[in-house]
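Numbering follows the working numbering, in which position 201 of the sequence shown is assigned residue number 215; successive positions increment by one, without gaps. For each residue, glycine too, the CB sits at the ideal point set by N, CA and C. The model shown is predicted, which means the values in this text are computed figures rather than measured ones.
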Amino acid sequence: MKARFKQFVAMVTVLVLVLSFLPPALADSGNGMTNATLLTPGEAVEFTTGTDPVNTYWFKMERETSAMTHMEVTFESSKLANISVYPSADMAAKDETFDRYRASATKEEEEQTAKIEFPFAWEGPYYIKVEYMPMDLGEEIPGEEIPGDVLPVDGEEPTDPGMPDLASDIKLVVNPVKLPVKYEQVGGDMCAVESIVQPAPERDSMLKLIRRVQSEVLGTSQKGRDLSALYYRASPYIVKAITFDGEKRKAALTDLKTLRPLLTALVDKKAYTLKTQDAAAINRLHALVDASVPTALQGEIGEIATALEMDSLAGTPVTDLFGKVGMTIQTDGSDAPRYIVKYKSSPNTSIGKMNAMSDVSAERIAIGKPSDYFALVDVEEASTKMQAQAKSTLESDRNVEYIEPVQTYQSFATDVSLDYQWAINQKSVLEPFANAGIGLDKYEALNLPKRSIKVAVLDTGVDHRLLDLKGKVDVANAKNFVDPNGEGDAIDDHGHGTHVAGVIGATRDNGVSMRGIVPNVSILPVKVLDAGGSGDTDQIALGIKYAVDAGAKVINMSLGGNESRTLGYMLKYAYDRGVVIVAATGNDAQSRVSYPASSKYTISVGATNAFGIVSDYSNYGIGVDVVAPGSKVASLVPDGNVVYMDGTSMATPHVAATVALLKSYHPDLSVEDVRTLLQRTADPIAFSGGDAPYDPRMSDGFEYVLEELGMTLPAYYNPVSGFGKANVYRAESMLKLNASGANAQDNSTTFKAKVTSGTTVRVYKGEKLIGRGTSKQTMAAFSIQPQKAGAVLRVVYTNGKYETSERVVVKAGARPGQPTVNTLRSGAKSVTGRGEAGMRVVVRNSNYQLLGRGTVLPNGTFSVKTRALKKGETINVHIEDLKGRPGKMSKTTVR
Numbered sequence: 015m016k017a018r019f020k021q022f023v024a025m026v027t028v029l030v031l032v033l034s035f036l037p038p039a040l041a042d043s044g045n046g047m048t049n050a051t052l053l054t055p056g057e058a059v060e061f062t063t064g065t066d067p068v069n070t071y072w073f074k075m076e077r078e079t080s081a082m083t084h085m086e087v088t089f090e091s092s093k094l095a096n097i098s099v100y101p102s103a104d105m106a107a108k109d110e111t112f113d114r115y116r117a118s119a120t121k122e123e124e125e126q127t128a129k130i131e132f133p134f135a136w137e138g139p140y141y142i143k144v145e146y147m148p149m150d151l152g153e154e155i156p157g158e159e160i161p162g163d164v165l166p167v168d169g170e171e172p173t174d175p176g177m178p179d180l181a182s183d184i185k186l187v188v189n190p191v192k193l194p195v196k197y198e199q200v201g202g203d204m205c206a207v208e209s210i211v212q213p214a215p216e217r218d219s220m221l222k223l224i225r226r227v228q229s230e231v232l233g234t235s236q237k238g239r240d241l242s243a244l245y246y247r248a249s250p251y252i253v254k255a256i257t258f259d260g261e262k263r264k265a266a267l268t269d270l271k272t273l274r275p276l277l278t279a280l281v282d283k284k285a286y287t288l289k290t291q292d293a294a295a296i297n298r299l300h301a302l303v304d305a306s307v308p309t310a311l312q313g314e315i316g317e318i319a320t321a322l323e324m325d326s327l328a329g330t331p332v333t334d335l336f337g338k339v340g341m342t343i344q345t346d347g348s349d350a351p352r353y354i355v356k357y358k359s360s361p362n363t364s365i366g367k368m369n370a371m372s373d374v375s376a377e378r379i380a381i382g383k384p385s386d387y388f389a390l391v392d393v394e395e396a397s398t399k400m401q402a403q404a405k406s407t408l409e410s411d412r413n414v415e416y417i418e419p420v421q422t423y424q425s426f427a428t429d430v431s432l433d434y435q436w437a438i439n440q441k442s443v444l445e446p447f448a449n450a451g452i453g454l455d456k457y458e459a460l461n462l463p464k465r466s467i468k469v470a471v472l473d474t475g476v477d478h479r480l481l482d483l484k485g486k487v488d489v490a491n492a493k494n495f496v497d498p499n500g501e502g503d504a505i506d507d508h509g510h511g512t513h514v515a516g517v518i519g520a521t522r523d524n525g526v527s528m529r530g531i532v533p534n535v536s537i538l539p540v541k542v543l544d545a546g547g548s549g550d551t552d553q554i555a556l557g558i559k560y561a562v563d564a565g566a567k568v569i570n571m572s573l574g575g576n577e578s579r580t581l582g583y584m585l586k587y588a589y590d591r592g593v594v595i596v597a598a599t600g601n602d603a604q605s606r607v608s609y610p611a612s613s614k615y616t617i618s619v620g621a622t623n624a625f626g627i628v629s630d631y632s633n634y635g636i637g638v639d640v641v642a643p644g645s646k647v648a649s650l651v652p653d654g655n656v657v658y659m660d661g662t663s664m665a666t667p668h669v670a671a672t673v674a675l676l677k678s679y680h681p682d683l684s685v686e687d688v689r690t691l692l693q694r695t696a697d698p699i700a701f702s703g704g705d706a707p708y709d710p711r712m713s714d715g716f717e718y719v720l721e722e723l724g725m726t727l728p729a730y731y732n733p734v735s736g737f738g739k740a741n742v743y744r745a746e747s748m749l750k751l752n753a754s755g756a757n758a759q760d761n762s763t764t765f766k767a768k769v770t771s772g773t774t775v776r777v778y779k780g781e782k783l784i785g786r787g788t789s790k791q792t793m794a795a796f797s798i799q800p801q802k803a804g805a806v807l808r809v810v811y812t813n814g815k816y817e818t819s820e821r822v823v824v825k826a827g828a829r830p831g832q833p834t835v836n837t838l839r840s841g842a843k844s845v846t847g848r849g850e851a852g853m854r855v856v857v858r859n860s861n862y863q864l865l866g867r868g869t870v871l872p873n874g875t876f877s878v879k880t881r882a883l884k885k886g887e888t889i890n891v892h893i894e895d896l897k898g899r900p901g902k903m904s905k906t907t908v909r
């Protein structure tokens, strides 16, 4: 049996058995930290433990300042012992660390060496705790027999079989190493449990369920986190008891299957009352654990059993069970919805009526403007009849503007790791296609002043304790709306929010791990999603208002769900105040843009990969504004590692950061200014060529939908990639060069655009250059090859270190107008005047006989050679476009 299998077996027993946790009576609680031994890299520390019930040894390690990313901790023990590595003294004192930084080692039966790869992601020093709890004299491991005749080793005295040596020999060594960025190892134990006698789908779903209990139930409170610590102290002994005993292992897994409905109710936050079979399964598991662990842990587990009243578990609601040991478990009670109600005027009377109903509660919630009236009505505890009555009362209330059920929204998952950040580093080891990123390298070469800006991350929280986020997070104003009272810190208990925040603003060039995009950002964490990555309408609505009122100029929303009027109201609240909300389109590979990305008040973002094309999973359809790097994005997670994640959730912070850079330097940009700028300057990336020149995602009735909606979009808009990939350098250059009014028509050979004087303007049809010129007095006008209406041209503006481009659709030109003819003098041999640039000029006499032809120059002037003009004769001049359509004649008499 391998170590990962052993960890799984322990997890499925301890997490189910110990449903809550009392503070360990014998745990070290940080005692001895002040005398921790400083470790030297590469030098092993070897010692023999004591034989007290609990033997604890503390070590510390200073942070490396080299190019190394991690310290590799190697731990050996002759007898079963535990090791934990902590990011800081404070966390060590609380026995608080991440699961992957706890392990055990032994040389008994099957040798097991512990190796922990701990990132240099915190300021340090880092603390290491070694804990050894010997099995008592004469204590027998379940399923293991002590030999009756122990033969002496040569030169040693015979050992009394009843008095085994209880001490353990320890060896500990740390070495700095540089590790590559990898995908987060979520579910890494799955491949190690194939030998369990269960169908694979059931086994894997059970493992996922247990992990959810650990993160979403236990990981949300200090009591629960204490339980996780107890799990790691007890698990090696339970593993030892059941790993080599197939019958006990099968019995434990059978009990776990019995408890599946209980575990499911816990993670789904549903009410549940323990049944007789649940109680029996818990008691059997308790007996197994109690017989497996040392006396030091038996006392702690016994206290839990006493508090839980193990003999009378049946019939106990799960909330009461946790309450007996001081833990609060949130449940929704039933499947009945909660409602958000918007009132037209003061709702005091209506709220009073709601609260007068049995088991119905209603309260004001502070979203919208001060003059807005919102309430949250909770009917979850009411009877079915009362629920219907409450809803009917609301629907008939003339003061109610609208009612909607609360919905759930989901999250979509020189720095030493810069080599792996392909989106901002063209020289990444991933070898991205040219221009696959967001143009950050060219933007930074502009050396613009670095101005501060606040960006709110509405997500699962942000772990500000990481060194790369130190000083970048507005901890004082962080808010947690997952908590029913909006209290508590906004520390990330999932990982999604920290990953997003790292993309936006991780400290750069500090030699720690990675680099963010915005150097002077202040990240405001607003926790609206729980440990499972889910959040309700009211939480998100409150989060939007809070972020706006707290001064955020940009809001990142890497989450989505169904449309909500309440959220729409709050999105408009932000929009009206100039706050740019950037939202993810979703990861379902469906022709449906998730909400709030589909709202007209947000900027929606799809995902691309290192090949510079749209990722397969990215949602698409009308409403996609731009796309950005979202596949294999390297960023931080709370345990200090830099890991890859995929999703439109990862693309969104690239655009939010782009907007933050633009807004920091151009604070007066409105939401629509930003949207138009991103759309105009986006890199076109619609797939063409190859075996599938027509993207199958384009076949979802795009043109029909446009017709039904009465919408008109540019010929270069693509429902898969929107207007293209966001590019911060091109956007900033467009603002600097102030280009506008680019125009080309099918009946003229002249291209015009307003742009900063001295700017070179080039026009391309595909890859072919069809015209170029230089602006004078902020106007560029020059000849191009004739084009058909609807053709898409690419216009490139270059002026010094600034360069940008946009796409222009050739318009169908109208019939030419009447030319302006300058005064004609007798004897003159030319006719001059002004007309529409790029069109033909035709000059005739009074009998309409042709006197000459010419072309209107790009500056709008013309000069046509003729015979000598005679005094008093009438000259007729008209303009003719490329289609041969004549304009109105201008008649002039020669003086």
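Note to self: Threshold first: 3 residues or longer. Then list the beta strand (DSSP E) segments lying entirely within the segment 437–519, N to C.
What the structure shows: Qualifying beta strand (DSSP E) stretches, in chain order: 467–473.
Check: Which whole-angstrom value describes the C-beta separation of Glu-145 and Ala-95, a residue pair presumed to lie in contact below a C-beta threshold of 8 Å?
Finding: At roughly 7 Å, the Cβ-Cβ gap stays under 8 Å, so Glu-145 and Ala-95 are in contact.
Margin query: Would Thr-880 and Val-835 be called neighbours here (beta carbons separated by less than 9 Å)?
Written below: Not in contact: Thr-880 and Val-835 (Cβ atoms no closer than 9 Å).
Check: Is Gln-291 buried or exposed, if buried means 16 or more other CB atoms sit within 10 Å of its CB?
Finding: Burial check for Gln-291: the Cβ neighbour count within 10 Å stays below 16, so the residue is exposed.
Notebook entry, point to check: What do you get for Ser-372, buried or exposed, if any count of 16 or more other CB atoms within 10 angstroms of its CB means buried?
Noted result: Under a 10 Å Cβ-count criterion, Ser-372 is classified as exposed, with fewer than 16 other Cβ atoms of the shown protein chains found around its own Cβ.
Next item on the list: Locate the beta strand (DSSP E) running through Val-641, then write down its first and last residues.
Entry: Residues 640–643.
Check: Relative to the alpha-carbon of Asn-873, which residue among Arg-848, Thr-888 and Leu-883 has its alpha-carbon at the smallest distance?
Finding: Considering only alpha carbons, the answer is Arg-848.
Checklist line | In chain order, each beta strand (DSSP E) run of at least 3 residues that lies wholly inside the segment 538–608 | finding: The qualifying runs are 548–550, 568–571 and 594–598.
Next item on the list: Would you mind working out which of Ala-597, Gly-827 and Ala-492 sits nearest Val-640, comparing C-alpha positions?
Entry: Taking only the C-alpha atoms, the option nearest Val-640 is Ala-597.
Next item on the list: Take Lys-782 and list the residues in its own chain whose beta-carbon comes closer than 8 Å to its own, dropping the five residues that flank it on each side.
Entry: Same-chain partners within the cutoff: there are none.
Margin query: So the candidates are Pro-361, Ala-396 and Lys-367; which of them puts its Cα closest to the Cα of Ile-5?
Written below: Absent from the model: residue 5. The displayed extent of the chain is 15 to 909, so no value can be given.
Notebook entry, point to check: What are the start and end residues of the beta strand (DSSP E) that includes Gln-424?
Noted result: Gln-424 -> beta strand (DSSP E) spans 422–425.
Next item on the list: Would you please state the rounded distance, in angstroms, between the beta carbons of Leu-650 and Ala-520? I believe it to be under 8 Å.
Entry: Confirmed, Cβ separation roughly 6 Å.
Next item on the list: Have a look at the DSSP bridge pairing and note the partners of Pro-900.
Entry: According to DSSP, which records beta bridges pairwise, Pro-900 is partnered with Glu-894.
Check: Does the Cβ of Ala-401 have 16 or more other Cβ atoms within 10 Å, making it buried, or fewer, making it exposed?
Finding: One detail in the question is off: residue 401 reads as Gln in this sequence, not Ala. Buried: at least 16 other Cβ atoms inside 10 Å.
Margin query: Taking 8 Å as the limit between beta carbons, can you name the residues of its chain near Met-748, skipping five residues before and five after?
Written below: Closer than 8 Å at Cβ, skipping near neighbours: Leu-691, Arg-694, Thr-695, Tyr-811, Thr-818 and Glu-820.
Notebook entry, point to check: Of the residues Asp-497, Gly-620 and Leu-472, which one's Cα is nearest the Cα of Thr-512?
Noted result: Among Asp-497, Gly-620 and Leu-472, the Cα nearest to that of Thr-512 is on Leu-472.
Next item on the list: Determine the burial state of Asp-895: buried for a count of at least 16 other Cβ atoms within 10 Å of its Cβ, exposed for fewer.
Entry: Buried is the call here.
Margin query: What does DSSP give as the partner residue(s) for Pro-920 in the beta ladder?
Written below: Residue numbering for the chain in the displayed model covers 15 to 909; residue 920 lies beyond these limits and cannot be assessed.
Notebook entry, point to check: Taking the runs of the beta strand (DSSP E) that are 3 residues or longer, which of them lie wholly in the segment 842–899?
Noted result: Taking only runs of at least 3 residues, the beta strand (DSSP E) segments lying wholly in the segment 842–899 are 844–848, 854–858, 864–869, 875–879 and 888–894.
Margin query: Let's see if you can read the secondary structure: which residues bound the beta strand (DSSP E) around Arg-786?
Written below: Its beta strand (DSSP E) spans residues 782–788.
Check: Contact check, Ala-767 vs Gly-755 under 8 Å by CB: the rounded distance?
Finding: About 6 Å separates the two Cβ atoms, so the contact holds.
Notebook entry, point to check: Counting only runs that start and end within the segment 727–809, where is the alpha helix (DSSP H) found for 4 or more residues in a row?
Noted result: Taken in chain order, the complete alpha helix (DSSP H) segments of 4 or more residues contained in the segment 727–809 are 742–751.
Margin query: For Ala-561, tell me which candidate among Pro-539, Ser-877 and Gly-575 has the shortest Cα-Cα distance.
Written below: Just measuring C-alpha positions, the residue of Pro-539, Ser-877 and Gly-575 sitting nearest Ala-561 is Pro-539.
Next item on the list: Determine the extent of the alpha helix (DSSP H) in which Tyr-286 is found, giving its start and end residues.
Entry: Unbroken run through Tyr-286: none, as it is neither H nor E.
Check: Expressed to the nearest angstrom, what Euclidean distance is found between the alpha-carbon atoms of Tyr-589 and Ala-564?
Finding: About 15 Å.
Notebook entry, point to check: Looking only at C-alpha atoms, which of Gly-549, Glu-577 and Arg-591 sits nearest to Ile-569?
Noted result: From the listed residues Gly-549, Glu-577 and Arg-591, the smallest Cα separation to Ile-569 is found for Arg-591.
Item checked: Pairwise C-alpha distance: Thr-127 and Phe-73 -> Roughly 18 Å separates the two Cα atoms.
Note to self: By the DSSP assignment, the alpha helix (DSSP H) with Asp-687 in it spans what residues?
What the structure shows: DSSP places Asp-687 inside the alpha helix (DSSP H), whose first and last residues are 685–695.
Item checked: Distance, Val-420 Cα to Glu-394 Cα -> Near 12 Å, if we compare the C-alpha coordinates of Val-420 and Glu-394.
Next item on the list: Round the Cβ separation of Val-638 and Gly-736 to the nearest angstrom and send it over; I've been treating them as touching at under 8 Å.
Entry: Val-638 to Gly-736, Cβ: 4 Å. Contact.
Notebook entry, point to check: Using CA coordinates, which residue listed in Val-769, Val-99 and Asp-550 is at the minimum distance from Asp-113?
Noted result: From the listed residues Val-769, Val-99 and Asp-550, the smallest Cα separation to Asp-113 is found for Val-99.
Check: Which class does Lys-121 belong to by DSSP, given the choice of helix, strand or coil?
Finding: DSSP places Lys-121 in coil when its eight states are reduced to three.
Note to self: By DSSP's criteria, Leu-650 is part of a beta bridge. Which residues make up the other side?
What the structure shows: According to DSSP, Leu-650 bridges with Val-656.
Checklist line | For Glu-501 and Arg-529, the rounded distance between their alpha carbons | finding: So the alpha carbons of these two residues sit roughly 31 Å apart.
Item checked: Pro-652 classed as buried or exposed, judged by whether at least 16 other C-beta atoms fall within 10 angstroms -> Under this definition Pro-652 is a buried residue.
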